[in-house]
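Residue numbers (the working numbering): 52 to 439.
The C-beta atom is built at its ideal place from N, Cα and C for all residues, glycine as well.
A quick note: this is a predicted structure, and the numbers were derived from the prediction, not measured.
To start, the structure itself, in structure tokens.
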């Protein structure tokens, strides 16, 4: 057996688990039907907005939450101004939020900010559940009401749809919108159909008081949402999907901001792969089936990289792996088109897929920074969203 065939088999082995995960979640998402329920009673809900130097965005985010439809319960908005050097706290108060200020130069990051806010609310309020919304986010008017209803149905944690607020701003934000429709809409729907914990996307998620008391929010990596969700799964807790409300965040337009954000997200994910895949594999191999899907999720590489490896596989003259790569690429295309259909993508979203090859090449330029980020804990640095 020559080296090229061995290389082809290796590439197939690296991608096959991710390919199965895409097929598994796409089928589930297409078959998923949201459960409808209505409860007259309400609860005491807190909304936490973690903010680090978000003076330009915090007011509109607070006002978006304050303009939500009335619910049966009550809710309060808290901004955690974390290591801010601007007037984020003042603008948040003026907009109508209660502000918690935190200064800690050593423990920096969104995870630390959330842990600080959660601990304060559990110790000093009677809140029943806490939602988290990023500081650059607009929520739909029904956000509070449907989140309350989900908790009233008994959810330990919930995750709303999370998409892009400014897809029209640039080609990259349009492509990112397509990516988030797949990552934050289709995939949670697929998990919900298979009765799995749907994951946490970092924005538009919530946890009950009981959940936070059982599993304190001690995750501190740059992908603290993924890290914490794995901890929830280990404690037999599920996050449920709220498919009928969406939070939309602004994505960076400038080249520098896009590159930094993608490197942080994907570098942090590679770090989680290195740290958690061995233990998840051992748990799944020992018969704990709830760890199988989180394991497959981690083994699924970022979609651009997954596609790139499949294209390389097609070029290697070994028929079995070439056939596999063609089937796998069809599954990827089906996954993306299903995401656009489920997420009600526009004509522009479909057309932007024509530029996907250039996006894949751009992702290769980000790879060195991604690997650098994966090698260490990254601090919380506000993403530059300014225009080019």
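Looking at the secondary structure, which residues open and close the beta strand (DSSP E) in which residue i lies?
| i | result |
| --- | --- |
| residue 292 | 290–300 |
| residue 157 | Note, residue 157: premise wrong, no beta strand (DSSP E); not H, not E. |
| residue 32 | Residue 32 is absent from the model: the chain starts at 52 and stops at 439. |
| residue 144 | Element bounds for residue 144: not the beta strand (DSSP E) but the alpha helix (DSSP H), 139–146. |
| residue 204 | It is not in any beta strand (DSSP E) - residue 204 carries neither H nor E in the DSSP assignment. |
Which partner residues of residue i appear in the DSSP bridge assignment?
| i | result |
| --- | --- |
| residue 189 | 299 |
| residue 95 | 125 |
| residue 182 | 98 and 257 |
| residue 344 | The partner list for residue 344 (beta bridge, DSSP) is empty, contrary to what the question assumes. |
| residue 149 | 129 |
Starting from residue i, follow the alpha helix (DSSP H) in both directions and report where the run begins and ends.
| i | result |
| --- | --- |
| residue 59 | 54–82 |
| residue 385 | 370–393 |
| residue 228 | 222–232 |
| residue 282 | 275–285 |
| residue 251 | No alpha helix (DSSP H) contains residue 251, which DSSP labels as neither H nor E. |
| residue 358 | 354–366 |
| residue 338 | Careful: residue 338 lies outside any alpha helix (DSSP H) and carries neither H nor E. |
| residue 239 | 238–244 |
I need the DSSP call for residue i, collapsed to helix, strand or coil.
| i | result |
| --- | --- |
| residue 269 | coil |
| residue 438 | Unreliable placement is indicated for residue 438, whose pLDDT of 48 sits below 50; the coordinate value is still reported in the next sentence. Of the three classes helix, strand and coil, the one that applies to residue 438 here is coil, per DSSP. |
| residue 105 | coil |
| residue 397 | coil |
| residue 212 | strand |
| residue 333 | helix |
| residue 86 | coil |
| residue 349 | helix |
| residue 304 | coil |
| residue 120 | coil |
| residue 262 | helix |
| residue 467 | With the chain represented from 52 up to 439, any question about residue 467 goes unanswered, as that position is not in the structure. |
| residue 416 | helix |
To which residues of the same chain is residue i closer than 7 Å at the C-beta, ignoring the five residues directly before and after it?
| i | result |
| --- | --- |
| residue 341 | 284 |
| residue 190 | 115, 116, 119, 184 and 298 |
| residue 92 | 123 and 203 |
| residue 294 | 85, 212 and 240 |
| residue 389 | 77, 80, 81 and 237 |
Could you tell me which of the options sits nearest to residue i, measuring between CA atoms?
| i | options | result |
| --- | --- | --- |
| residue 400 | 219, 165 and 148 | 219 |
| residue 228 | 82, 143 and 298 | 298 |
| residue 349 | 320, 112 and 238 | 320 |
| residue 292 | 112, 254 and 225 | 254 |
| residue 136 | 157, 102, 112 and 127 | 102 |
| residue 288 | 339, 105, 206 and 92 | 206 |
| residue 150 | 142, 157 and 156 | 142 |
| residue 180 | 226, 217 and 263 | 263 |
| residue 259 | 60, 317 and 198 | 198 |
| residue 66 | 376, 409 and 381 | 376 |
| residue 213 | 251, 152 and 177 | 251 |
| residue 128 | 186, 404 and 154 | 186 |
| residue 77 | 87, 55 and 233 | 233 |
| residue 134 | 144, 157 and 389 | 157 |
| residue 225 | 413, 132, 412 and 406 | 406 |
| residue 121 | 108, 70, 192 and 370 | 192 |
| residue 276 | 208, 230, 302 and 367 | 208 |
| residue 330 | 317, 172, 322 and 346 | 346 |
| residue 59 | 391, 371 and 402 | 371 |
| residue 166 | 391, 271, 423 and 336 | 271 |
| residue 358 | 326, 369, 395 and 410 | 410 |
| residue 242 | 290, 231, 265 and 195 | 290 |
| residue 172 | 108, 97 and 396 | 97 |
Going by beta carbon distance, what residues of the same chain come within less than 6 Å of residue i, once the five residues before and after it are set aside?
| i | result |
| --- | --- |
| residue 146 | 110, 113 and 114 |
| residue 414 | 355 |
| residue 344 | 247 |
| residue 155 | none |
| residue 380 | 361 |
| residue 278 | 270 and 272 |
| residue 394 | 232 and 236 |
Closer than 8 Å by C-beta to residue i: which residues in its own chain qualify, once you throw out the five before and the five after it? Chain order, please.
| i | result |
| --- | --- |
| residue 217 | 224, 301, 302 and 304 |
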